[in-house]
Every structure is written in C-alpha cells, then in structure tokens.
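Here is the structure we will look at.
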Amino acid sequence: MKNISSTVQAINVLPGSMAVYDRKLNLLASSKEWQSGVQFELAQVNSSKSDLLDRFDASLKEAFNFDTSYFVEDLPAKKIRYKYKFSKFENEVEPLVLAQRILYTKPEEYRKEELLKQTNNVAFIGFWELNLSTKSIYWSEVTRKIHEIPDDFEVELETGINFYKEGADRELVTQVIDRAIEYGEPWDEDFTLITYSGREIYVNAKCQAEFENGKCVRLLGTFQDITDRVLKNEQLRISEEQFRLAFENTPIAFLIIDIENFKILEVNAAAEQVFGYSRNKFIKKKITDLYEPEEFQKNYLLIKNLLHQNSRKFENEQKFVGKDGNTILAKTFFSLNCDSKGIPKKIIAQIQDITELKKKNDEINRFVEVTTNQNTRLINFAHIVSHNLRSHSSNIGMLIDFLKNEKQEEEREMQFEMLVQASSMLTETITHLNDVVSVDINFQEKEEVNLYKFIENGIRSVRGLMVEVNFQIVNRVAEDFRVYAVPAYMESIILNLITNAIKYRDPKRRSWLQLSAERINGYVIITATDNGLGINLERYGDRIFGLYKTFHQHSDARGLGLYMTKSQIEVMGGAITVQSKVGEGTTFIIKLHEEN
1 MKNISSTVQA
11 INVLPGSMAV
21 YDRKLNLLAS
31 SKEWQSGVQF
41 ELAQVNSSKS
51 DLLDRFDASL
61 KEAFNFDTSY
71 FVEDLPAKKI
81 RYKYKFSKFE
91 NEVEPLVLAQ
101 RILYTKPEEY
111 RKEELLKQTN
121 NVAFIGFWEL
131 NLSTKSIYWS
141 EVTRKIHEIP
151 DDFEVELETG
161 INFYKEGADR
171 ELVTQVIDRA
181 IEYGEPWDED
191 FTLITYSGRE
201 IYVNAKCQAE
211 FENGKCVRLL
221 GTFQDITDRV
231 LKNEQLRISE
241 EQFRLAFENT
251 PIAFLIIDIE
261 NFKILEVNAA
271 AEQVFGYSRN
281 KFIKKKITDL
291 YEPEEFQKNY
301 LLIKNLLHQN
311 SRKFENEQKF
321 VGKDGNTILA
331 KTFFSLNCDS
341 KGIPKKIIAQ
351 IQDITELKKK
361 NDEINRFVEV
371 TTNQNTRLIN
381 FAHIVSHNLR
391 SHSSNIGMLI
401 DFLKNEKQEE
411 EREMQFEMLV
421 QASSMLTETI
431 THLNDVVSVD
441 INFQEKEEVN
451 LYKFIENGIR
461 SVRGLMVEVN
471 FQIVNRVAED
481 FRVYAVPAYM
491 ESIILNLITN
501 AIKYRDPKRR
511 SWLQLSAERI
521 NGYVIITATD
531 NGLGINLERY
541 GDRIFGLYKT
551 FHQHSDARGL
561 GLYMTKSQIE
571 VMGGAITVQS
581 KVGEGTTFII
591 KLHEEN
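For what it's worth, full-length UniProt numbering labels the leading residue of the sequence shown as 1, then goes sequentially.
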C-alpha cells in the first residue's frame, strides 16, 4: 500500500479536479478541488438517482475494461460543460483509474455553441457524435428528424450505418469512418439514405476525429438533408443537357455573348454553317463584327434595352455579314441568361437564316404580281371588247343609216368621210387590244402620248351618236399637251368619260362635255365636266366606282365603266375623284404623274 499512500499524498496536493478509484469503484484519493466540487455533486445527485451517477459509474467500469473512457456533463444553467476523463494505470498492488474533471466549455464558448446550435436548427442542420470508448452514438434532434425515427428509438453504430443505402453509399460511410478512426482523416460526403419510414433522401455528413494520447476517442460532425438541392441540381443538369442537345443539333444558329464586351463565348454547328467561321474563329470575335456598322446601330437600342432589363427579349429581322462578305438575312431572337439572383450574365442570340426563303418569297410575289397584272389586262380586254368596240360599231351603224337616207351628194361625202374615220378608229382600238393582252405591258412601260389627239379620236368614235342626240364636246386641252400613259388604257378612259356623259345627259336641255388638262406640282390633272343628270354623292358616294354599281335608270347601265376607268388609272399610278350635284352635272378629276 506504499505506492497507494504516495499516490494519495500526491493527489491531495496536485492542482485541478482529480481522484483515484479501484476496481470496486472505491475512492482512494482525491484533490481538494475534486472534494469540493465533484464529490459534493455526486453526493447530492445520489439521493435523487440522477443520470450523472450512472454515467460516472459506467465510465469508471469502462476504463478498467478498455483503458480509457469519458463522458460530457452539460450544465445549461451555468452555461458550461465538464468533461469527465477516466484513464487506467498500473499500480504494484492492483490496476487503478485516475478520474479527472476538466472544464470543457467556458461560458463564452458555451454561448457561442448554443447560438451555433440554434442557427443550425433554423437551417435544419443536425449534429452527431460517436463515443468510441462506449461505442455509443448521439444524434441531435434535427438528426433524428432527418432519419424520421420515433422518440424511443435507440441508436447504435450498426443501426446507424444501416440507414445508408445498401451498396456504394453504405460501403463509403463505413470506409470514411474507419479511416477517420485510424488516421484522423476528416471527411465531407454526400450519401443516399433510406429513412425509418422508407423514404429515399439525400444527406450531407461531415466528420472530425478527436484523439487523446494518439488514440481516437470520439468522432463528431454535422448532418444535413440536401434532397431539395440534389433534386434541383439534377433538374438543372437535365435542363443543361437538353439545352446542350438542342444547342448542338438545332438548325438555328445559336450565339452566346458576353454582356460586358459583346464577345462571342460559344456557338453551335449551325452558326458555323450560316456565317462560315469555325468555332475557334468565332470565339475571337464580337457580335458587332457580324454586322455592317449602320445595321448594328439600328439594333443597338434594342440590345441596350435588353441589357438594362427594360425588356426580357426582342425579335426582329436583321442583316448580318458572313465570312465571305455575303449578306445574310435573318430572323433573330435575343434573350438574357440570368443567374439565380436575376442578374444578367449572357445574351443568347438565335439567328435563323432566311436569305433563301426571302428569295423564294420574292419570286412568289413577282409571280403573283405578274398573274395579277395578267388578270387585270384580261378584265380590261373584256371591258374594251364589250364597251369600246360596241361604241365603234354603234357609231358606224348610225353613219351607215345616215348615208342610206341622205340624198344630197355633199352631205353623203361628209358622212362617208366620217364613216372612214370611224373605221380607222375601230382598227386602232383592235390594235390596242393586242397591247392589252400582251404579257410585256407593265407600269414602267407607259408611253408619252398626245392627250389632245386621244380626246379628238374619242370624239370621232362617237360622232354619229353626238349628231343623233345633239351632244356637244369641247376639247380645251392644248394641242401639244403630252402625258405618260398606257395607250390602250388612256383610249378606254377617254371613251368611257365621253360615253358616260352622253348616256347620262339631261334630255331637258342642250347637253355638253368639256375636257381640260393642266400641270400642278408634278402631276397632270385631267378634268371632265358635263351638265348631265348628276349623282347623289351623299347616297352613292362610297360606291360610285364599285363593280356593277349603277345610279340611274338607264337601259344600258351595267356598272362597269367607272369601275374599269378607276382600275386603269390606278394601274398607271394615278387616282380619280368625282364632284357632282343632282340636276346640275358631274366633274371627274384624274390625277397622273407628270414624269414616267
């Protein structure tokens, strides 16, 4: 007992809180601090059979069996923690255990730890601890919730590991725990976990090892449910993969552009094909290099609004310049790529080459234009055949009747001369009909014609009718007045105006038609004024030039003449308006371009 006595003597004078126990858990020696602190507390809790005494005795026994053990006493009221450490040592008589109580966490550190614990609870981060001396596991409340275990579930090392999905995850957690124990290696790993209720979740676990005298005595770490993050990352991965597949395989050119300097960061194969540059050449350029300067300026405001987030996207048609200097007509769609905070990072430009499509559309439009013109000419042809030839044939018929009945030789000669003129006019009209149906007539092939002569020819065409109804026509156009027009159309227009005035004359008075022309501000203005029946413009004004629209009870009224007159004038780039008053007469005003 000599050594025990010397140990007792040494313990009594050593600073700190420590004591020596034998295998029967008898106290052999203790320091003054142990006596005033631990011994007093153990005596107090003994009466109430506190958990502290049970843990104390269990750790003492464990130390005799495994050389060392420990446990931590948490005192929230004092905001401190004590660590009880038990170490076996050999004595000449029998093995003994040295028990020490060490201030594990000071009040300030305790407050920080509690704050960290509260913060982690808010963030739903749990804690775990593995005591290698007792092989016991501690899981915080959050950790238990993540595992979805009931309140009475007792956690052991084997059952804890079995929560990890069988296979790679379970093998990995076993491996990193073994290496932490053996080498002190910390780890931070993501795992798949099967909860107590059978749900598959994803967790992150971190670990630190604690060593004493070269031996690992404790593992501790954090535990967090990262299912939402993993699923979002997986969705993001799938989205990025789908975007990449679309990006690489779409026939539309894609350009990813830096918002700071407009530098091209990435392109797809379609962009290489559209512009003719290789990918390596592309990434040395800026988007501005693909425009003519004036074309970029036209679109810069749209891009600026996009960057300032005044708009989230824009689409339009733009012109680009290819590698060989060729013009590329494209339908474009520009949008912003933003980070998770909504801050713009890149511009995504989608460029669809429509150069060939535009050419095809232009060809189609030209074909439609030619077809429309052909149809217009055919309509005019039908009108001139039905109207102009009928006027000529009526005029010739009347002159023949006059010639048959006329006895005086002088009158017969005059009527015969009028008949010759009428025949000549008929021949000229037939010639114009050939021009009307010719495919080569278009807006640019108007001719400079003498308006005075066209009016005179029109008068000769209806001379017989004028004589029959006592109708007077006054041509006030200058003899050298010329105008650009399609001859067949101009003849038809003049003849329509004349026959219209004769047809709708007022039988109660001497009827007349006056035609004049002048040049005003680059236009030729032709005016045809009569003193006929007149038109009620308030009633018929919006329909006066309509197809098959009539406004008088006349047996020859077809509603075609004014419609065709307007159509022919518009084909030549002109316009026609009307002024009229019932009982007073009508004025038609034709406006044509002075130059071709």
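Don't be surprised by glycine CBs; every beta carbon is placed ideally from N, CA and C.
Could you compute how far the alpha carbon of residue i sits from the alpha carbon of residue j?
{"i": "Ala271", "j": "Asn310", "result": "28 Å"}
{"i": "Val203", "j": "Phe243", "result": "28 Å"}
{"i": "Glu94", "j": "Val20", "result": "12 Å"}
{"i": "Thr371", "j": "Ser567", "result": "16 Å"}
{"i": "Lys359", "j": "Thr288", "result": "26 Å"}
{"i": "Leu592", "j": "Ala575", "result": "7 Å"}
{"i": "Gly16", "j": "Ser136", "result": "28 Å"}
{"i": "Ile102", "j": "Ile161", "result": "32 Å"}
{"i": "Glu447", "j": "Ala485", "result": "5 Å"}
{"i": "Phe86", "j": "Glu158", "result": "26 Å"}
{"i": "Ala180", "j": "Leu236", "result": "34 Å"}
{"i": "Asp542", "j": "Thr529", "result": "20 Å"}
{"i": "Tyr291", "j": "Leu302", "result": "15 Å"}
{"i": "Thr174", "j": "Phe333", "result": "53 Å"}
{"i": "Leu27", "j": "Val38", "result": "12 Å"}
{"i": "Ile569", "j": "Glu409", "result": "44 Å"}
{"i": "Asn65", "j": "Leu132", "result": "13 Å"}
{"i": "Asp353", "j": "Asp362", "result": "16 Å"}
{"i": "Phe153", "j": "Leu52", "result": "22 Å"}
{"i": "Gln297", "j": "Ala488", "result": "49 Å"}
Got a sec, what are the start and stop residues for the beta strand (DSSP E) residue i sits in?
{"i": "Asp190", "result": "Trp187 to Ile194"}
{"i": "Val483", "result": "Arg482 to Ala485"}
{"i": "Ala209", "result": "Glu200 to Glu212"}
{"i": "Arg81", "result": "Ile80 to Phe89"}
{"i": "Tyr21", "result": "Ser17 to Tyr21"}
{"i": "Ser136", "result": "Ser136 to Trp139"}
{"i": "Ser516", "result": "Trp512 to Ile520"}
{"i": "Leu537", "result": "First-last for Leu537: Leu537 to Tyr540, but that is the alpha helix (DSSP H), not the beta strand (DSSP E)."}
{"i": "Gln318", "result": "Lys313 to Val321"}
{"i": "Thr529", "result": "Tyr523 to Asp530"}
Could you check where the alpha helix (DSSP H) with residue i kicks off and where it finishes?
{"i": "Gly464", "result": "Arg463 to Val469"}
{"i": "Arg229", "result": "Thr227 to Asn249"}
{"i": "Asp178", "result": "Ala168 to Tyr183"}
{"i": "Ile303", "result": "Pro293 to Leu307"}
{"i": "Asp54", "result": "Asp51 to Phe66"}
{"i": "Val274", "result": "Ala269 to Phe275"}
{"i": "Ile161", "result": "Leu157 to Asn162"}
{"i": "Lys24", "result": "Lys24 -> no alpha helix (DSSP H), and no H or E assigned at all."}
{"i": "Gln35", "result": "Lys32 to Ser36"}
{"i": "Phe282", "result": "Arg279 to Phe282"}
Given 7 Å as the limit, tell me if residue i has its C-beta closer than that to any heavy atom belonging to the ligand NAP.
{"i": "Val486", "result": "Summarising the ligand content, the structure contains no ligands, and the ligand NAP is consequently not present."}
Return the chain-ordered list of same chain residues with a C-beta closer than 6 Å to the C-beta of residue i, the five sequence neighbours on each side being excluded.
{"i": "Phe282", "result": "Ile264 and Val267"}
{"i": "Glu73", "result": "Tyr82"}
{"i": "Asn12", "result": "none"}
{"i": "Asn475", "result": "Ile455 and Leu515"}
{"i": "Gly458", "result": "Ile494, Leu495 and Ile498"}
{"i": "Asp506", "result": "Gly532 and Leu533"}
Judging by CA-CA distance, which residue of the options is the nearest neighbour of residue i?
{"i": "Phe402", "options": "Val467, Glu141, Asn496 and Phe588", "result": "Val467"}
{"i": "Asn326", "options": "Tyr183, Arg55 and Gly276", "result": "Gly276"}
{"i": "Gln258", "options": "Ile347, Glu294, Ile328 and Lys206", "result": "For clarity, residue 258 is Asp in the given sequence; the question names Gln instead. Nearest option by C-alpha distance: Ile347."}
{"i": "Val469", "options": "Arg510, Pro487 and Glu445", "result": "Arg510"}
{"i": "Glu315", "options": "Asn305, Lys323, Val321 and Asp324", "result": "Asn305"}
{"i": "Arg144", "options": "Glu129, Ser133 and Thr134", "result": "Glu129"}
{"i": "Tyr504", "options": "Leu98, Ala488, Thr587 and Gly221", "result": "Thr587"}
{"i": "Glu212", "options": "Asp67, Ile252 and Gln175", "result": "Asp67"}
{"i": "Asp151", "options": "Tyr196, Glu33, Val217 and Ala246", "result": "Tyr196"}
{"i": "Val217", "options": "Leu245, Gly184, Ala253 and Thr527", "result": "Gly184"}
{"i": "Pro344", "options": "Ser36, Glu260, Phe247 and Glu156", "result": "Glu260"}
Going along the chain, which residues of its own chain have a beta-carbon closer than 7 Å to the beta-carbon of residue i, five neighbours each way excluded?
{"i": "Glu166", "result": "none"}
{"i": "Val225", "result": "According to the sequence displayed, residue 225 carries Asp and not Val. The residues are Phe124, Ile146, Ile201 and Val203."}
{"i": "Arg170", "result": "Ile161 and Tyr164"}
{"i": "Phe454", "result": "Met490, Glu491 and Ile494"}
{"i": "Ile256", "result": "Leu265, Glu266, Lys346 and Ile348"}
{"i": "Leu98", "result": "Met18, Val20, Ser87 and Phe89"}
Leaving out five residues on either side along the sequence, give the residues of the same chain with a beta carbon under 8 Å from the beta carbon of residue i.
{"i": "Leu399", "result": "Gln415, Met418, Leu419, Ala422, Arg463 and Gly464"}
{"i": "Arg460", "result": "Met418, Gln421, Ala422 and Met425"}
{"i": "residue 597", "result": "Coverage of the chain is limited to positions 1 through 596, which leaves residue 597 absent and any answer about it impossible."}
{"i": "Val582", "result": "Leu533, Gly534, Ile535 and Asn536"}
{"i": "Asp57", "result": "Leu25"}
Under 8 Å, with one C-beta from each stretch per pair, do the segment 531 to 547 and the segment 486 to 496 reach the 3-pair mark? no
Three-pair Cβ contact test at 8 Å for the segment 185 to 192 versus the segment 133 to 141: By the Cβ criterion, the segment 185 to 192 is not in contact with the segment 133 to 141, since fewer than three pairs of Cβ atoms, one from each stretch, lie closer than 8 Å.
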